[in-house]
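Residue numbers (the UniProt record's numbering), protein chains in the order written: chain A, 1 to 549; chain B, 1 to 549. The beta carbon of each residue, even a glycine, is placed where N, CA and C say it ideally should be. Note sheet for the following structure.
Given below as structure tokens:
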């Protein structure tokens with residue numbers, strides 16, 4: 001008999017989406033288990049770019065410090081185009097991140113294995129390890145509507161197979177009953193296929209090679225992100241941790257054999273290896289030289305596929321996230337970021353539903369918000385990939401992509417591609433009927449409802465210490481009540497009276513705070529009074545549960 | 001027979017001075033041993049204020065991050081004086097740190113045990129533990145002049161006694177032969193007494209009590225540093241980590257019995273305990289209330305002694321550091337800072353002498369620089385203590401200390417007391433004859449020779465990433481060669497030529513760099529060119545040994 005167990009959330013796949021999900025749920029006190037088919041974590045290559053908004057999200061879990069310590073930072077982007085003298089020349093440099101409100105105005109590059117290690121180590125501190133190597137072999141979802149509606153039921157039955165069990169008659173299968181399942185099992189997602197979810201979209205004709213290496217070069221922008229448009233093909237440079245650099249190299253059909261049936265690169269028949277990729281890059285770099293100093297770290301060849309899943313969940317009990325529900329080109333550096341932000345969106349919602357703080361229907365907003373985002377991402381990726389893979393404009397090729405057109409696209413997409421621009425549409429969250437109205441945009445002139453809170457440094461009233469507001473509102477699965485009380489300094493009698501009335505309303509037995517259990521809300525009060533004139537003790541106590549708030 | 005061993009440096013005492021010394025030497029690869037008589041590190045109380053300059057120094061060893069994470073920050077200071085209505089009232093608030101160039105414009109408070117833990121943990125990572133409980137029982141210094149002049153000799157013989165050895169005939173004594181000994185063994189230093197070094201200075205009449213507690217209070221500045229001058233005595237508030245607060249409370253002669261012979265507080269006969277101290281504080285706080293919430297963490301009573309040792313070393317083979325060579329009042333928060341900075345001064349000098357990079361006479365500059373500083377500190381402390389311990393000015397007491405006089409003193413001493421103002425006088429360092437002239441102040445308009453390098457953010461040429469220059473010049477016991485090359489952007493032909501000539505001179509076989517072994521110098525080149533126009537590859541290679549420099 002296989003062993004049987006119950007778990008609140010079973011996460012399938014320990015890539016960035018799955019790890020983000022598991023660490024966040026564990027941190028929130030949820031009974032969570034995470035499995036992966038690989039015996040070990042990724043060691044090199046794969047995705048590596050962390051966008052400004054993702055850094056903010058990692059910071060909200062206390063994970064950005066290590067990322068910033070270990071990673072490389074990209075602050076500048078340089079553009080190279082065909083020179084009238086042959087070869088390439090620099091046509092411009094600009095800030096890599098142009099979104100004005102980015103708290104971290106740069107991208108961080110670090111190989112996926114190191115990013116996964118940040119999650120794995122923080123999970124280990126919380127007492128959670130990835131179970132591996134394990135694959136799911138069957139998934140059954142209850143059809144009982146009452147069961148599906150009850151967040152405390154276990155409507156998902158998953159059969160697991162342990163890959164490392166010996167052959168001595170040991171039973172390698174196991175049954176897990178879960179309240180929720182998250183399929184974060186990659187572009188070839190078993191969960192998605194098992195659920196019969198269709199991917200919309202297509203394969204493009206763009207073929208790219210990727211090489212990670214330590215270069216020896218006289219190219220002056222080797223430590224900047226570079227978009228090289230040469231008459232010999234395009235190339236993108238992504239500087240990495242240490243002295244490493246990643247090159248994205250455009251390939252032509254004749255270099256690569258594509259399997260017509262699968263649409264994938266046929267690695268058997270394709271005679272292109274890392275040396276050949278570097279040789280193609282060298283032609284783009286001319287008149288600059290580039291050689292490898294030491295071994296090539298990692299390489300691959302891929303076709304750009306741009307697809308979004310039709311559904312992101314079944315009955316809000318089984319979800320798919322990350323590459324399992326959207327794939328796009330890696331050059332815009334979006335894949336891993338979108339994946340981590342998918343499950344960041346899911347963590348608090350699942351936690352609230354499991355705690356009984358929110359109705360299970362809250363979980364519908366996951367697909368509503370993240371699928372729309374994935375579609376926007378594909379639309380962005382299509383434009384960007386076409387511009388980047390297209391021929392550069394030269395005297396001979398007047399309808400090619402000009403530097404100006406590319407730069408304009410780069411800057412137009414800036415806010416979106418750095419993640420800062422994510423804007424969720426109004427969606428009624430029916431679980432907390434008295435605070436559902438998220439549409440009160442008229443009440444706030446600078447903060448857009450549906451976007452992340454704007455980073456801003458405030459000075460704490462009690463001790464004049466500056467704090468970034470994002471750090472005072474961490475991803476700790478509590479509702480945040482931020483009260484802007486205006487100027488309550490000496491002489492502001494009217495405003496002081498208004499604040500006192502608000503405090504009375506909030507604190508009375510029928511008030512917002514008393515209607516929910518302790519610990520549901522974290523209160524933060526923000527005053528517009530200059531620090532020298534404000535006594536934190538002047539505020540009503542309900543608005544300052546502790547001197548630090 | 002006692003065991004015998006040799007060590008390059010033996011550090012006696014594992015307080016802040018000794019720990020700073022040991023971790024710095026270990027980091028530099030020096031064969032160092034550190035012993036302490038206490039079986040365990042300090043758990044609470046003691047010194048707790050870390051000044052802005054000391055934070056910079058800790059950062060230069062990579063130790064500031066944890067201090068900043070664990071410690072409390074003081075950004076504002078509030079002044080209270082007698083109110084015409086009785087009790088006290090606030091007469092002003094100002095920034096706690098007014099020195100304009102402080103990289104960290106605040107003080108950090110954290111109990112001494114936690115500060116020591118930062119050193120202990122970083123030493124452990126480097127493979128060094130404190131040997132304890134051990135006391136020195138004899139110290140002999142060779143009289144042989146040749147031996148004393150030879151940095152590779154072992155002229156100091158120290159006998160140690162292990163306090164935790166059983167009585168079963170085990171030999172609890174041990175002989176250590178050291179090249180150098182550092183006595184960081186506190187105000188009652190055994191090393192100082194053994195060497196017969198006299199302390200200059202005197203005991204004052206000011207008696208103070210100290211209490212660490214978590215308060216329950218309606219005092220609006222409880223989380224700010226406060227100087228309270230009341231008609232019932234003075235009180236200083238130092239907020240601490242968590243919700244803790246330290247109160248310094250002025251006591252009168254009648255509260256405390258002083259032992260005439262030793263000049264110390266007679267704890268036996270003195271009937272003052274923590275409750276009595278709090279009762280005295282309550283009178284100063286009126287009309288505000290203050291009670292303890294929970295137990296009192298730590299308390300003490302002390303007389304202010306202001307003394308400096310006549311000598312800081314004997315033959316530059318045995319040194320004293322920290323409280324062993326200077327004592328002053330704790331309220332200005334200088335003691336621990338001065339102690340750590342004493343040995344910070346000694347670390348690189350000892351290391352260079354041991355490596356043969358500098359003549360042994362370099363060590364004379366330790367006393368020259370640090371004793372002068374200790375004397376300045378006492379002069380400062382005398383003025384500050386007198387102002388703070390004096391009666392406040394009131395209608396009845398017209399010759400008391402006014403708020404204006406105290407504030408002026410506070411701000412005048414600001415640069416000095418935060419450590420930023422430390423300015424070492426020219427002292428020929430004879431060991432590196434070609435770069436001894438430290439007096440070229442005329443060549444640098446903003447950087448004062450003899451002061452720490454001014455913090456400033458520079459943008460790295462290769463990747464446009466901003467860096468604090470202090471972080472590019474860490475305390476890693478290497479000479480730093482910082483070359484300011486001016487603007488070498490497009491068209492600056494003359495300056496480019498000058499830089500090329502300098503590079504040729506530096507790099508040739510008789511040039512500065514080739515005359516010393518590899519690794520003696522770390523080169524950092526600073527350009528005044530705007531980042532968009534500079535290619536790091538345009539600099540001569542000798543000025544950019546790596547793209548990151």
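Starting from the C-beta of residue 58 (chain B), find all residues in its chain whose C-beta is less than 7 Å away, skip the five residues before and the five after it, and write them out in chain order. Once the five neighbours on either side are set aside, the close Cβ partners of residue 58 (chain B) are 64, 67.
Please check the pair residue 351 (chain B) and residue 25 (chain B), which I expect to be a contact at CB under 8 Å, by giving their CB distance rounded to whole angstroms. Their Cβ separation, rounded to whole angstroms, is 7 Å, which keeps residue 351 (chain B) and residue 25 (chain B) in contact under 8 Å.
Residues of the region 521–540 of chain B with Cβ closer than 8 Å to any Cβ of chain A, in chain order: Using a CB distance below 8 Å, the part of the region 521–540 of chain B facing chain A consists of 531, 532, 535, 536, 537, 538, ordered along the chain.
Pick from B:232, B:240, B:267, B:307: whose alpha carbon is nearest that of residue 279 (chain B)? Closest by alpha carbon: B:232.
DSSP on residue 280 (chain A), reduced to helix/strand/coil? DSSP places residue 280 (chain A) in helix when its eight states are reduced to three.
Using three-state DSSP, classify residue 431 (chain B) as helix, strand or coil. Model confidence at residue 431 (chain B) stands at a pLDDT of 45, short of 50, so the residue's coordinates are unreliable and nothing is read from them.
DSSP state of residue 533 (chain A), grouped into three classes? Helix at residue 533 (chain A).
Residue 564 (chain B) versus residue 2 (chain B): straight-line alpha-carbon distance, rounded: No information on residue 564 (chain B) is available, as it lies outside the stretch 1 to 549 that chain B covers here.
Are there 16 or more other CB atoms within 10 angstroms of the CB of residue 543 (chain A), so buried, or fewer, so exposed? Buried.
Helix, strand or coil for residue 236 (chain B), going by three-state DSSP, please let me know. The answer is strand: DSSP assigns residue 236 (chain B) an E or B state.
DSSP three-state assignment for residue 520 (chain B), whether helix, strand or coil: The answer is coil: DSSP assigns residue 520 (chain B) none of H, G, I, E or B.
What is the C-beta distance between residue 409 (chain A) and residue 60 (chain A), in whole angstroms, given that I count them as a contact (C-beta under 8 Å)? About 30 Å separates the Cβ atoms of residue 409 (chain A) and residue 60 (chain A), ruling out a contact at the 8 Å cut-off.
By the 8 Å beta-carbon criterion, what residues does the region 339–359 of chain A contribute toward chain B? Of all residues in the region 339–359 of chain A, none is placed with a Cβ closer than 8 Å to any Cβ belonging to chain B.
For a test of the three-state rule: what should DSSP assign to residue 484 (chain B), helix, strand or coil? Note: residue 484 (chain B) maps to strand in three-state DSSP.
Coil, strand or helix - residue 113 (chain B) by DSSP: Look at residue 113 (chain B) here: in three-state DSSP terms it is helix.
Does residue 179 (chain B) come out as helix, strand or coil in the three-state DSSP assignment? In the structure shown, residue 179 (chain B) sits in a strand (DSSP, three-state: E or B).
Could you say which of A:17, A:21, A:14 lies nearest to residue 8 (chain A) if we only look at CA atoms? Minimum Cα distance to residue 8 (chain A) is reached at A:21.
Just to make sure I have the definition right: I need the residues of chain A whose C-beta is within less than 7 Å of the C-beta of residue 75 (chain B). Which are they? Using a Cβ-Cβ cut-off of 7 Å, residue 75 (chain B) is close to 463, 464, 465 of chain A, given in chain order.
For chain B, find out if any of its Cβ atoms is closer than 8 Å to the Cβ of residue 476 (chain A); answer yes or no. So no, residue 476 (chain A) is outside the interface.
Can you confirm whether residue 12 (chain B), when its beta carbon is compared against all beta carbons of chain A, has any partner nearer than 8 Å? By this cut-off, residue 12 (chain B) is not an interface position.
Going by C-alpha to C-alpha distance, which of A:95, A:30, A:164, A:188 sits closest to residue 128 (chain A)? Sorting A:95, A:30, A:164, A:188 by C-alpha distance to the C-alpha of residue 128 (chain A) places A:30 at the top.
Opposite residue 127 (chain A) in the DSSP bridges: which residues? In DSSP, residue 127 (chain A) forms no bridge with anything.
Rounded to whole angstroms, how far is the Cβ of residue 455 (chain A) from the Cβ of residue 103 (chain A), which I believe are closer than 8 Å? Sure, about 4 Å apart at Cβ, within 8 Å.
Give me the subset of the region 211–231 of chain A whose CB atoms are less than 7 Å from a CB atom of chain B, sorted by chain position. Only 218, 220, 223, 224 from the region 211–231 of chain A bring a Cβ to less than 7 Å from some Cβ of chain B.
Tell me the residue span of the beta strand (DSSP E) that contains residue 76 (chain A). Counting along the chain, residue 76 (chain A) sits inside the beta strand (DSSP E) bounded by residues 76–82.
Is it buried or exposed for residue 504 (chain B), if we count other Cβ within 10 angstroms and need 16 for buried? It counts as exposed.
Length of the line joining the Cα atoms of residue 246 (chain A) and residue 212 (chain A): Their backbone Cα atoms lie some 4 Å apart in a straight line.
Rounded to whole angstroms, what is the Cα-Cα separation between residue 151 (chain A) and residue 145 (chain A)? Roughly 12 Å between the two C-alpha positions.
Check distances from the C-beta atoms of the region 287–321 of chain A to those of chain B and list, in chain order, the residues that come in under 8 Å. Of all residues in the region 287–321 of chain A, none has a C-beta nearer than 8 Å to a C-beta of chain B.
Below 8 Å, how does it come out for the region 213–233 of chain B and the region 78–94 of chain B: are there three or more Cβ pairs, yes or no? Contact between the region 213–233 of chain B and the region 78–94 of chain B is present, with at least three C-beta pairs closer than 8 Å.
Does the CB of residue 479 (chain A) have a neighbour CB from chain B at under 8 Å? Answer no: the Cβ-Cβ gap between residue 479 (chain A) and chain B never drops below 8 Å.
Run through DSSP, which three-state label would residue 544 (chain A) get? When secondary structure is reduced to three states using DSSP, residue 544 (chain A) falls in the coil class, being assigned neither helix nor strand.
Have a look at the DSSP bridge pairing and note the partners of residue 136 (chain A). As computed with DSSP, residue 136 (chain A) is found in a beta bridge with A:160.
Can you pull out the residues from the region 37–64 of chain B whose beta carbon lies closer than 8 Å to at least one beta carbon of chain A? Within the region 37–64 of chain B, no residue qualifies.
Taking residue 521 (chain B) as the reference, give the member of B:491, B:538, B:482, B:51 with the closest Cα. The shortest C-alpha to C-alpha distance from residue 521 (chain B) to any of B:491, B:538, B:482, B:51 is the one to B:482.
Any C-beta of chain B sitting closer than 8 Å to the C-beta of residue 124 (chain A)? Interface criterion not met: the Cβ of residue 124 (chain A) is under 8 Å from no Cβ in chain B.
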